[in-house]
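Input: a single structure, listed below in structure tokens.
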Amino acid sequence: VKPFGKHVMTDVDRIGGVPVMMKALLDAGLLHGECLTVTGRTVAENLAEIAPPDPDGKVVRAMSEPIHPTGGITILAGSLAPGGAVVKSAGFDSDVFLGTARVFDRERAAMDALED
1 VKPFGKHVMT
11 DVDRIGGVPV
21 MMKALLDAGL
31 LHGECLTVTG
41 RTVAENLAEI
51 APPDPDGKVV
61 RAMSEPIHPT
71 GGITILAGSL
81 APGGAVVKSA
91 GFDSDVFLGT
101 ARVFDRERAA
111 MDALED
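First residue of the sequence shown: 1, per the UniProt record's numbering; consecutive thereafter.
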């Protein structure tokens, strides 16, 4: 799906929507199927009757053939993020950034610095 694929969420909806995607994640062992949901049933029970479409490489790709080998987020750790942090890293070519770090306590201060 965009921004990395050429399809949009209406294309996902056309193939069965979020339940189809959840079923694919469950079948790949990436969802905890035993979790209780608001329906009073588990995730696995809710998805038991969902038949995922065959991955055609268009809207849905096989887990073994991703568009990109890594995801669009990165987990940070270190002196700037002692408790850890999650950042959107999609579109960056480098896994390592070397340079001077600037730390801000407020988003507004960071935005002001970018505008200067």
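Just so you know, even glycine gets a beta-carbon here, dropped at the ideal spot from N, CA and C.
Residue environment: residue 114 is assigned as exposed (fewer than 16 neighbouring CB atoms within 10 Å of its CB, all protein chains considered). Cβ-Cβ distances below 8 angstroms link residue 87 to 73, 74 and 76 in the same chain, with the five nearest sequence neighbours on each side left out; the list follows chain order.
A straight line joining the alpha-carbon of residue 116 with that of residue 110 spans about 10 angstroms.
The shortest CA-to-CA distance from residue 45 to any of 20, 34 and 10 is the one to 34. Classified as exposed, residue 9 has fewer than 16 neighbouring CB atoms from the shown chains inside 10 Å of its CB. Nearest Cα to residue 3 within the set 54, 37 and 90: 90. Counting along the chain, residue 82 sits inside the beta strand (DSSP E) bounded by residues 81-88.
Boundaries for residue 39: no alpha helix (DSSP H) harbours it, and the DSSP string shows neither H nor E there. Bounds of the alpha helix (DSSP H) holding residue 113 are 107-115. Under DSSP, residue 74 takes part in a beta bridge, and its partners are 87.
Here residue 22 is buried: its Cβ has 16 or more other Cβ atoms, across all protein chains shown, within 10 Å.
Distance from the CA atom of residue 32 to the CA atom of residue 67, rounded to whole angstroms, is 24 angstroms.
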